[in-house]
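Q: Protein chains in written order, with our numbering: chain Z, 93 to 395; chain V, 785 to 1036.
All C-beta atoms, glycine included, are put in the ideal place defined by N, C-alpha and C.
Structure, rendered in structure tokens:
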């Protein structure tokens, strides 16, 4: 449904997106995880047709986002990261304007959304809090029941209660079979909603993981201390991915994926072991490992 | 080609500025044409300066609010997240800008026509002693038409900067400079006209020179020919601004 192919847009000073390729299938929710300035919004910007790719292509439902953006927008609900609403309107005025520009009448939907997010759209938009503006933006994005949703940090500015409500709301949208691209830097929200998660760093996709992998634990880290130097040395010669070892304490840490379990058991069998510790990596740790390469990670340096 | 909901929003968000400029300009006009102290300066001061200064400020602020400031603030994202083409957005905003100037000068013309009917003024009293008769309604219409055309050109240049730049820092900076130079040069040229040697050369520096109320009063057709140039400038600038806005990458 959403296709990003080799998207490159260099803004200079190492900012922009580089060779970003991913796809969101119909009915799928893809989380786009990365800190501020990693290129999440830049990618969204290209999907919305605000910017043209320097190289590569972006399309939604088979339509090119650069030439056909106004046509694509009929099917897309977009929640911008920015909550600057058009000037000179009250909340109802804004909703009316959006209805007019979308050429739709969907008062019932609007009413349901307003009730659900407990928003009273009276009063000038200028004097509304960030949360209220965000809610108005949510109403505008969802009132037309769009098939494709592009959500750029959707819960920022909402209070915790409303964040929960919003996550429940997106779950319902998923059940309706919507295709969703959700950018965020909040792990809980991404973990709760997404079928797959793409991690972006300095404009490049560094990893894509599925929800199943996260539920299972993305990696297992085994930390083993041996009783003798001989066993310790023998373990180090095994083909396993030893990330850290310490001669003094005779301690080794290895990353063991499921398919390597037997190799690991072979490597430790017949050896005298002092202690053994297994640790599963959560999404947050996994993410941090890409971002803070020098940070101790699961008891080991993961550089 | 134009989006009515967007036009409505533009009208609402610029209503205060439009209302106050139109009000001030019409009041000044009524004052200049009614009070005995100021009547003689109706043309030199009011039509000579006010009809470019006041709308000049209006177009400077409004043209930038219509596009570049919405791009800079990010509210343009909400507009373009609807099935509305960029061409439609830019044409709608240009239509608002031109339309608001037309209605501004419409109100001004009507107020002047009304006061002129109540208290007619002889051309001789305006400083044109060689001319006979009173200031006619037709002349008032023609003067306002000539002023309107020049203001549409001023607005177009501001609109062009608004369409080209994503940052109001540049769009307001450049349109401000343009409006400032145009109005100042026009005033200096007017002093040149009134007899200060050398200052008349400033007329070559400003679009406002194509606005020629003297030609209207002398009932020759110069003012009509002179309207071609601001019309051409306006057409070129609106086109350039629209194309730039259509093609550029928006930082939304």
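1) When the distance is taken between beta carbons, is residue 1029 of chain V closer than 8 Å to residue 1011 of chain V?
2) Could you tell me if the beta carbon of residue 357 of chain Z falls within a distance shorter than 7 Å of some heavy atom in the ligand HEM?
3) Among residues of its own chain, excluding the 5 on either side of residue 182 of chain Z, which ones have a beta-carbon nearer than 8 Å to its beta-carbon?
4) Nearest-angstrom Cα distance between residue 258 of chain Z and residue 120 of chain Z?
5) Find the nearest neighbour of residue 353 of chain Z within the set Z/311, Z/341, Z/321, judged by alpha-carbon distance.
6) Might you give, ordered along the chain, the residues of its own chain that have their beta carbon closer than 7 Å to the beta carbon of residue 785 of chain V, omitting 5 neighbours on each side?
7) Considering residue 152 of chain Z, what are the terminal residues of the beta strand (DSSP E) in which it resides?
8) Determine, using beta carbons only, whether residue 863 of chain V comes closer than 8 Å to chain Z.
9) Tell me whether residue 221 of chain Z sits in a helix, a strand or coil according to DSSP, three-state version.
10) What is the DSSP secondary structure of residue 1006 of chain V, reduced to helix, strand or coil?
11) May I have a chain-ordered list of the alpha helix (DSSP H) segments no shorter than 4 residues that lie completely inside the stretch 895 to 953 of chain V?
12) DSSP state of residue 163 of chain Z, grouped into three classes?
13) Cα separation between residue 839 of chain V and residue 990 of chain V?
14) What are the start and end residues of the beta strand (DSSP E) that includes residue 290 of chain Z?
15) Excluding the five sequence neighbours on either side, which residues of its own chain have a C-beta within less than 8 Å of the C-beta of residue 907 of chain V, listed in chain order?
16) Could you tell me how far apart the beta carbons of residue 940 of chain V and residue 889 of chain V are, in whole angstroms, since I believe they sit closer than 8 Å?
17) Who are the neighbours of residue 170 of chain Z on chain V, taking C-beta pairs under 7 Å?
18) Between residue 162 of chain Z and chain V, is the shortest Cβ-Cβ distance under 8 Å, so that the two count as touching?
19) In the DSSP assignment, find the alpha helix (DSSP H) that holds residue 104 of chain Z and state where it starts and stops.
20) Helix, strand or coil: which one does DSSP assign to residue 414 of chain Z?
21) So, for residue 323 of chain Z: in the same chain, excluding its five sequence neighbours on each side, which residues have a beta-carbon less than 7 Å away from its beta-carbon?
22) List, in chain order, every chain Z residue whose beta-carbon is nearer than 7 Å to that of residue 868 of chain V.
23) Residues of the stretch 208 to 228 of chain Z with a CB closer than 7 Å to any CB of chain V: list them in chain order, please.
24) Is the beta carbon of residue 794 of chain V closer than 8 Å to that of residue 926 of chain V?
25) Go through the stretch 829 to 909 of chain V residue by residue and report every complete run of the alpha helix (DSSP H) that reaches 4 residues or more, in order.
26) Note down the Cα distance separating residue 192 of chain Z from residue 866 of chain V, rounded to an integer number of angstroms.
27) Check the Cβ of residue 793 of chain V against every Cβ in chain Z and list those closer than 8 Å, keeping chain order.
28) Would you call residue 263 of chain Z buried or exposed, if buried means 16 or more other Cβ atoms sit within 10 Å of its Cβ?
A: By the coordinates alone:
1) no
2) Here there are no bound small molecules, and the ligand HEM is not part of this structure.
3) 213, 214, 215, 216, 217
4) 18 Å
5) Z/311
6) So the list reads 872, 875, once near-sequence residues are dropped.
7) 147 to 152
8) Residue 863 of chain V belongs to the set of residues whose beta carbon lies under 8 Å from a beta carbon in chain Z.
9) coil
10) helix
11) Counting only runs of 4+ residues, the alpha helix (DSSP H) found wholly inside the stretch 895 to 953 of chain V occupies 921 to 948, in chain order.
12) In the three-state scheme derived from DSSP, where H, G and I count as helix and E and B as strand, residue 163 of chain Z is classed as helix.
13) 15 Å
14) 288 to 293
15) Spatial neighbours of residue 907 of chain V in its own chain (CB-CB distance under 8 Å, excluding positions within 5 residues in sequence) are listed in chain order as 915, 916, 917, 918, 919, 1001.
16) Their Cβ separation, rounded to whole angstroms, is 15 Å, which puts residue 940 of chain V and residue 889 of chain V out of contact at 8 Å.
17) 865
18) yes
19) For residue 104 of chain Z, there is no enclosing alpha helix (DSSP H); the enclosing beta strand (DSSP E) has its first and last residue at 94 to 104.
20) Because chain Z in this structure spans residues 93 to 395, residue 414 of chain Z falls outside the shown range and cannot be described.
21) The residues are 363, 364.
22) 162, 193
23) none
24) no
25) 835 to 850, 852 to 857, 860 to 864, 870 to 902
26) 9 Å
27) 178, 179, 180, 181, 185, 189
28) exposed
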